[in-house]
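Numbered according to my numbering, the sequence shown spans residues 7 to 759. The C-beta atom is built at its ideal place from N, Cα and C for all residues, glycine as well. The block underneath contains the structure these notes are about, expressed in structure tokens.
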Amino acid sequence: MSASSRVPASARTYFLALTLLAAAVTAFQLPDSWPPLTSWAAGVIVLLVTRFPLLVMRRAGGLEVGLDPVIALFLAFSDAPHAAVVWTFTAGVAQLFTSKASWVRLFNAAVTVLSGAAALAVVAHLDAAPLAGGRSGAVTAVVAAACYYLVDYLLSVFAIVSLRRATLREAIWDDTAPLTMACVAAAGSLGYVGAVLVRTDPWTLPLAGIPLVTVVLAGRAFATAHGERMRVHALFTAAERQHSAATTAAVLEAAVEAGREALAAPVELREVEPVDGVASTVDTPDGARWIHATTRNQQSRVFTQSDRELLEVLASLTNDSLRRQALVESLERMAATDALTGLANAAAFRAAVRSAGPGSAVLFCDLDGFKGVNDDFGHEAGDALLCEVADRLRGCVREGDVLARNGGDEFAVLLVGADAERAEAVAQRVVEVVAAPISLPGVGHAKVTVSVGTATGDGALVQRADIAMYAAKAAGKSRHVVCTDELFAAHQSRRTLADELGRAIDRDELVLHYQPIVNLALDRIDGVEALVRWQHPERGLLGPGEFVHLAEETGTIDDLTRWVQRRAVQDAVLMSRLAGRQISVSVNVSPSSLVRGVLLDQVESGCTDDVQLILEVTETAVAEPAAVPVLEEFRRRGVRIALDDFGTGHSSLATLRLLPVDIIKLDRAFIEGIAVEQEASLLVRSVAELARALAKPLVVEGIEDAAQRAELERLGVALGQGYHLARPAPLDVVLEGLRQSAVEEAASLVPGR
Numbered sequence: 007m008s009a010s011s012r013v014p015a016s017a018r019t020y021f022l023a024l025t026l027l028a029a030a031v032t033a034f035q036l037p038d039s040w041p042p043l044t045s046w047a048a049g050v051i052v053l054l055v056t057r058f059p060l061l062v063m064r065r066a067g068g069l070e071v072g073l074d075p076v077i078a079l080f081l082a083f084s085d086a087p088h089a090a091v092v093w094t095f096t097a098g099v100a101q102l103f104t105s106k107a108s109w110v111r112l113f114n115a116a117v118t119v120l121s122g123a124a125a126l127a128v129v130a131h132l133d134a135a136p137l138a139g140g141r142s143g144a145v146t147a148v149v150a151a152a153c154y155y156l157v158d159y160l161l162s163v164f165a166i167v168s169l170r171r172a173t174l175r176e177a178i179w180d181d182t183a184p185l186t187m188a189c190v191a192a193a194g195s196l197g198y199v200g201a202v203l204v205r206t207d208p209w210t211l212p213l214a215g216i217p218l219v220t221v222v223l224a225g226r227a228f229a230t231a232h233g234e235r236m237r238v239h240a241l242f243t244a245a246e247r248q249h250s251a252a253t254t255a256a257v258l259e260a261a262v263e264a265g266r267e268a269l270a271a272p273v274e275l276r277e278v279e280p281v282d283g284v285a286s287t288v289d290t291p292d293g294a295r296w297i298h299a300t301t302r303n304q305q306s307r308v309f310t311q312s313d314r315e316l317l318e319v320l321a322s323l324t325n326d327s328l329r330r331q332a333l334v335e336s337l338e339r340m341a342a343t344d345a346l347t348g349l350a351n352a353a354a355f356r357a358a359v360r361s362a363g364p365g366s367a368v369l370f371c372d373l374d375g376f377k378g379v380n381d382d383f384g385h386e387a388g389d390a391l392l393c394e395v396a397d398r399l400r401g402c403v404r405e406g407d408v409l410a411r412n413g414g415d416e417f418a419v420l421l422v423g424a425d426a427e428r429a430e431a432v433a434q435r436v437v438e439v440v441a442a443p444i445s446l447p448g449v450g451h452a453k454v455t456v457s458v459g460t461a462t463g464d465g466a467l468v469q470r471a472d473i474a475m476y477a478a479k480a481a482g483k484s485r486h487v488v489c490t491d492e493l494f495a496a497h498q499s500r501r502t503l504a505d506e507l508g509r510a511i512d513r514d515e516l517v518l519h520y521q522p523i524v525n526l527a528l529d530r531i532d533g534v535e536a537l538v539r540w541q542h543p544e545r546g547l548l549g550p551g552e553f554v555h556l557a558e559e560t561g562t563i564d565d566l567t568r569w570v571q572r573r574a575v576q577d578a579v580l581m582s583r584l585a586g587r588q589i590s591v592s593v594n595v596s597p598s599s600l601v602r603g604v605l606l607d608q609v610e611s612g613c614t615d616d617v618q619l620i621l622e623v624t625e626t627a628v629a630e631p632a633a634v635p636v637l638e639e640f641r642r643r644g645v646r647i648a649l650d651d652f653g654t655g656h657s658s659l660a661t662l663r664l665l666p667v668d669i670i671k672l673d674r675a676f677i678e679g680i681a682v683e684q685e686a687s688l689l690v691r692s693v694a695e696l697a698r699a700l701a702k703p704l705v706v707e708g709i710e711d712a713a714q715r716a717e718l719e720r721l722g723v724a725l726g727q728g729y730h731l732a733r734p735a736p737l738d739v740v741l742e743g744l745r746q747s748a749v750e751e752a753a754s755l756v757p758g759r
């Protein structure tokens with residue numbers, strides 16, 4: 007039994023010491039006379055059996071189990087005086103003439119000499135008359151064989167450890183130890199039996215060969231089965247490790263480790279095709295590599311076909327794992343990459359922000375005017391523009407920064423390790439490079455700008471950058487805004503207010519104020535406009551400008567619109583009954599709610615004896631094609647449509663007759679200076695005459711003083727609205743005003759008054 011490994015320089019001292027010790031032991035045991043011919047004949051057998059050892063594969067390295075103990079114990083019991091010299095000479099020479107490396111041959115020769123010397127010493131000290139028969143000879147044989155095994159095994163174990171093939175605990179015991187122990191014990195026993203047969207009945211000695219052959223065949227069968235188990239275990243382990251490997255290096259490392267375990271030989275990964283040993287090719291992302299096993303045990307014999315097949319299977323497993331890993335990596339890249347621009351996508355950007363260290367900055371960039379390009383020139387032009395913007399943004403960042411497309415026309419930048427000064431410099435650079443004209447194939451030049459929000463410091467960078475970006479848009483676009491603590495606090499306050507708004511309806515915190523629409527000629531209230539207010543429990547009475555836009559942003563605008571319409575109609579019934587005539591009530595409807603037809607589900611009839619429902623919509627809303635059928639359906643149900651703030655949107659006098667509206671409300675801007683400026687007066691006269699021609703009542707908004715009212719009456723305007731006539735007021739105030747008007751009107755009808 008001998009160690010099978012390459013011998014590094016660090017182990018040579020250990021091997022040399024063993025060799026010198028073996029030489030000393032040999033010199034100490036030299037006999038006085040020349041050994042007989044029979045002893046030399048046994049020695050010749052040592053030369054033969056050494057050439058055909060039983061190789062037992064172990065994870066720590068290979069162990070060779072030979073039939074040497076048979077001869078050692080045979081010599082000890084048949085020719086004790088000359089056994090040492092014959093054993094030392096023949097066993098040592100047999101090892102020295104193997105084809106292994108010189109250091110390995112010296113080590114194996116030393117181990118063989120020392121193991122045999124130990125067995126001979128046991129026989130010499132335990133049995134003075136070894137061939138006398140009885141129990142003593144058999145016991146001595148067993149003890150001597152055990153001593154041979156222990157010396158050989160322990161010296162081989164220490165050799166494996168010195169070769170750095172395994173730890174002491176791993177090398178000293180594994181599932182092959184019982185096999186080697188059984189082989190040595192059997193061989194030792196047969197050596198004793200042979201010595202007895204030579205002495206008592208030499209012609210029966212060949213019969214001892216039968217159990218010897220049986221031991222050899224059984225040992226080889228076990229060693230073969232064990233080697234196959236090691237190979238299968240190595241392949242399964244490699245497959246398991248490669249399946250869970252996260253990198254190419256880990257997959258290749260698992261393959262190399264499996265090769266070493268399965269072949270118990272040096273295995274490495276080579277970039278150049280090897281010319282010795284055995285190798286199989288694997289295809290890595292960096293090109294072909296070879297899993298290469300060098301010649302086992304440094305012997306001249308080549309690897310077997312089974313070894314080649316194992317490496318081919320291992321290479322196949324490795325290639326499958328590498329292909330699977332490449333597919334996974336490709337899918338991961340696709341999942342983290344924007345398909346159009348090749349930039350990181352929103353998910354990858356958020357992950358990068360989470361993993362970024364302190365002191366980073368985030369920029370949110372939203373293109374201004376992209377929708378116009380997309381609508382006017384088509385999606386292909388829009389895509390080309392986005393790709394060009396992405397290329398320009400790449401030139402604004404450094405290596406290590408993260409540039410992403412968040413979707414649509416929004417981009418995001420993570421500046422790693424950037425202070426506020428660099429963040430603002432990059433933001434300004436982004437604004438400048440995007441503003442330059444962009445050449446689009448087949449279209450010509452297009453121009454867009456960008457609004458950039460910047461956030462620095464620690465915590466909520468994405469949220470703060472988003473807040474700043476919307477602030478940049480609100481400030482006029484094509485600029486960058488830094489999210490200050492004040493801006494963030496204001497946003498948080500709006501968010502809190504928006505959250506509370508969602509519960510305000512259920513808590514009955516909303517109220518309606520009504521601004522009368524006055525018949526200027528009769529000086530009476532013909533209708534009212536419902537204006538929502540929020541009686542906030544902490545902030546007091548809030549006007550619509552403080553929360554209606556939040557309702558739009560949070561999606562509660564539809565519920566708010568339904569509540570206003572329902573309450574306004576209920577209140578208008580009270581007004582009409584108190585006034586003794588029909589009072590119209592106007593409700594403002596946002597463009598988005600109008601397109602969705604929000605009120606269609608709760609308005610069956612817009613006109614009753616008590617109430618005329620009027621929906622006020624803006625010119626922008628009326629211009630939406632999707633709004634036209636909704637407006638027509640409302641009109642079919644008796645609801646009148648008022649065009650609010652006429653003159654501030656897209657409508658013109660020429661197209662006014664085509665719009666599905668019943669009432670025109672002229673914006674306050676038209677009557678500023680009407681009492682003193684002839685041009686303003688003429689313009690209002692033109693609108694009033696057009697309204698009469700179209701049979702559409704005209705309501706003039708924003709009447710602030712008596713002079714304006716007088717001029718409007720002179721121009722023939724019938725209906726007006728404004729602070730000079732009446733301010734918005736709660737229901738009870740409006741009811742009281744209607745009651746007084748009713749009393750005064752009734753009194754005016756009394757004869758003699």
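- prompt: In this structure, what does DSSP give as the bridge partners for Arg276?
  reply: Within the sequence shown, the letter at position 270 stands for residue 276. According to DSSP, Arg276 bridges with Trp296.
field: Contact set for Gly401: own chain, Cβ-Cβ below 8 Å, skip 5 residues either direction
entry: For the purposes of this step, residue 401 is identified with residue 395 of the sequence shown, where counting begins at 1. Around Gly401: Val439.
query: In whole angstroms, what is the alpha-carbon distance linking Val524 and Glu717?
result: Taking the first residue of the sequence shown as position 1, residue 524 is located at position 518. Taking the first residue of the sequence shown as position 1, residue 717 is located at position 711. Straight-line Cα distance between these residues: approximately 15 Å.
query: Touch check for the stretch 558-576 and the stretch 508-526: three-plus C-beta pairs under 8 Å?
result: At 8 Å Cβ cutoff, the stretches touch.
query: Glu416 and Asp372: beta carbons closer than 8 Å?
result: Residue 416 sits at position 410 when you count from the first residue of the sequence shown. Residue 372 sits at position 366 when you count from the first residue of the sequence shown. In contact: Glu416 and Asp372 (Cβ atoms closer than 8 Å).
message: Assuming Lys671 is part of the alpha helix (DSSP H), what are its boundary residues?
response: Against the sequence shown, residue 671 aligns to sequence position 665. Taken as a continuous stretch (DSSP letters only), Lys671 belongs to no alpha helix (DSSP H), being part of the beta strand (DSSP E) at 669-672.
task: Use the C-beta contact count for Asp650: other C-beta atoms within 10 angstroms, 16 or more gives buried, fewer gives exposed.
output: Taking the sequence shown and counting its residues from 1, one reaches residue 650 at position 644. Asp650 comes out buried.
- prompt: Who are the Cβ neighbours of Arg247 in its own chain at under 6 Å, not counting the five residues just before and after it?
  reply: Locating residue 247 in the sequence shown gives position 241, counting from the first residue. Hits under 6 Å: Ala260.
task: Return helix, strand or coil for Pro736, following the three-state DSSP convention.
output: Counted from its first residue, the sequence shown places residue 736 at position 730. For Pro736, the secondary structure class from DSSP, reduced to helix, strand or coil, is strand.
query: How is Ile620 classed by DSSP in three states: helix, strand or coil?
result: Your numbering for residue 620 matches position 614 in the sequence shown. Note: Ile620 maps to strand in three-state DSSP.
task: Report the option in Ala256, Lys483, Tyr476, Gly459 whose CA atom is closest to the CA atom of Ala441.
output: Locating residue 441 in the sequence shown gives position 435, counting from the first residue. Per the C-alpha coordinates, the member of Ala256, Lys483, Tyr476, Gly459 positioned closest to Ala441 is Lys483.
- prompt: Can you name the start and end residues of the alpha helix (DSSP H) that Ser590 belongs to?
  reply: Here residue 590 corresponds to residue number 584 of the sequence shown, with the count starting at 1. It is not in any alpha helix (DSSP H) - Ser590 instead sits in the beta strand (DSSP E) that spans 589-594.
Pick from Ala712, Asp382, Gln618, Ala429 that is closest to Leu526, judged by C-alpha positions: Taking the sequence shown and counting its residues from 1, one reaches residue 526 at position 520. Cα-wise, what sits closest to Leu526 is Ala712.
- request: Let me know the secondary structure DSSP gives Asn351 once reduced to three states.
  value: Indexing the sequence shown from 1 puts residue 351 at position 345. Reduced to three states, the DSSP call for Asn351 is coil.
field: Contact belief for Asp370 with Asp472 at Cβ below 8 Å, rounded distance in angstroms
entry: Here residue 370 corresponds to residue number 364 of the sequence shown, with the count starting at 1. Here residue 472 corresponds to residue number 466 of the sequence shown, with the count starting at 1. Here residue 370 is Phe; the residue named in the question, Asp, does not match the sequence. Phe370 to Asp472, Cβ: 5 Å. Contact.
message: Quick check: Asn351 and Ala387, are their CB atoms within less than 8 Å of each other?
response: By 1-based counting over the sequence shown, the position of residue 351 is 345. By 1-based counting over the sequence shown, the position of residue 387 is 381. No; because the gap between Cβ atoms is not below 8 Å, this pair is not in contact.
query: Distance, Cα to Cα, Leu337 vs Val609?
result: Within the sequence shown, the letter at position 331 stands for residue 337. Within the sequence shown, the letter at position 603 stands for residue 609. Each residue's Cα considered, the two are about 52 Å apart.
message: According to DSSP, is Val693 part of a helix, a strand, or is it coil?
response: As a working mapping, residue 693 is identified with position 687 in the sequence shown. Helix.
field: Opposing strand residues paired with Pro447 [DSSP bridges]
entry: Reading the sequence shown from its first residue, position 441 is the one you call residue 447. Pro447 pairs with nothing; no bridge assigned.
- prompt: In three-state terms, what does DSSP make of Asp382?
  reply: On the sequence shown, residue 382 is found 376 positions in, with the first residue counted as 1. Looking at Asp382 - three-state DSSP - the assignment turns out to be helix.
query: Asn525 bridges to which residues according to DSSP?
result: Within the sequence shown, residue 525 is the residue found at index 519, counting from 1. Asn525 pairs with Arg530, Leu725.
message: Tell me the rounded alpha-carbon separation between Val454 and Ala424.
response: One-based indexing of the sequence shown puts residue 454 at position 448. One-based indexing of the sequence shown puts residue 424 at position 418. Near 27 Å, if we compare the C-alpha coordinates of Ala424 and Val454.
query: When you compare only the Cα positions, how much space is there between Gly143 and His249?
result: For the purposes of this step, residue 143 is taken as the residue at position 137 of the sequence shown. For the purposes of this step, residue 249 is taken as the residue at position 243 of the sequence shown. Gly143 and His249: Cα-Cα distance of roughly 58 Å.
- request: Report all residues from its chain with a CB closer than 8 Å to the CB of Pro666; omit the five preceding and five following residues, and keep chain order.
  value: Position 660 of the sequence shown, counting from 1, holds the residue named residue 666. The answer, listed in chain order, is Val628, Val634, Leu637, Glu638, Arg641, Ile647.
query: Does DSSP put Arg715 in a helix, a strand or coil?
result: Walking along the sequence shown from the start, residue 715 turns up at place 709. Helix.
task: Report the option in Gln469, Leu672, Ala285, Glu552 whose CA atom is closest to the CA atom of Gly728.
output: Indexing the sequence shown from 1 puts residue 728 at position 722. Cα-wise, what sits closest to Gly728 is Leu672.
- prompt: Short check: CB of Ile669 to CB of Val705, under 8 Å?
  reply: What you label residue 669 is simply residue 663 of the sequence shown in a count that begins at 1. What you label residue 705 is simply residue 699 of the sequence shown in a count that begins at 1. In this structure, Val705 lies closer than 8 Å to Ile669 by Cβ.
query: Which of helix, strand or coil does DSSP assign to Arg745?
result: Taking the first residue of the sequence shown as position 1, residue 745 is located at position 739. In this structure, Arg745 counts as helix in the three-state DSSP scheme.
Separation of Ser445 from Leu333, as counted between CA atoms: Here residue 333 corresponds to residue number 327 of the sequence shown, with the count starting at 1. Here residue 445 corresponds to residue number 439 of the sequence shown, with the count starting at 1. About 37 Å.
field: Span of the alpha helix (DSSP H), counted from its first residue to its last, around Leu317
entry: Locating residue 317 in the sequence shown gives position 311, counting from the first residue. Leu317 -> alpha helix (DSSP H) spans 311-342.
message: Measuring alpha carbon to alpha carbon, tell me which residue in Ala152, Gly708, Ala585 is nearest Glu678.
response: As a first step, residue 678 must be located in the sequence shown, where it is residue number 672. Comparing Cα-Cα distances from Glu678 to each of Ala152, Gly708, Ala585, the minimum goes to Gly708.
query: Does the beta-carbon distance from Val623 to Val595 come in below 8 Å?
result: For this step, residue 623 is matched to residue 617 along the sequence shown. For this step, residue 595 is matched to residue 589 along the sequence shown. Contact flag set, yes.
- request: Could you tell me the distance, in whole angstroms, from the CA atom of Ser306 to the CA atom of Ala268?
  value: The sequence position of residue 306 within the sequence shown is 300, counting from 1. The sequence position of residue 268 within the sequence shown is 262, counting from 1. The predicted position of Ser306 is uncertain, since its pLDDT is 41 and thus under 50; a value taken from the coordinates is nonetheless stated next. Looking at the two C-alpha atoms, the distance is approximately 20 Å.
- prompt: By Cβ distance below 8 Å, which residues in the same chain neighbour Glu318 in space, the five residues on each side in sequence not counted?
  reply: If you number the sequence shown from 1, residue 318 lands on position 312. By the criterion of a C-beta distance shorter than 8 Å, Glu318 is surrounded in its chain by Ser286, once the five residues flanking it on both sides are discounted.
query: How long is the line joining the alpha carbons of Leu421 and Val408, rounded to whole angstroms?
result: Indexing the sequence shown from 1 puts residue 421 at position 415. Indexing the sequence shown from 1 puts residue 408 at position 402. Each residue's alpha carbon lies about 7 Å from the other.
- prompt: Is Ser598 near Ile620, with beta carbons less than 8 Å apart?
  reply: In the sequence shown, counting from the first residue as 1, residue 598 sits at position 592. In the sequence shown, counting from the first residue as 1, residue 620 sits at position 614. It is not a contact, given that the beta carbons lie outside the stated cut-off.
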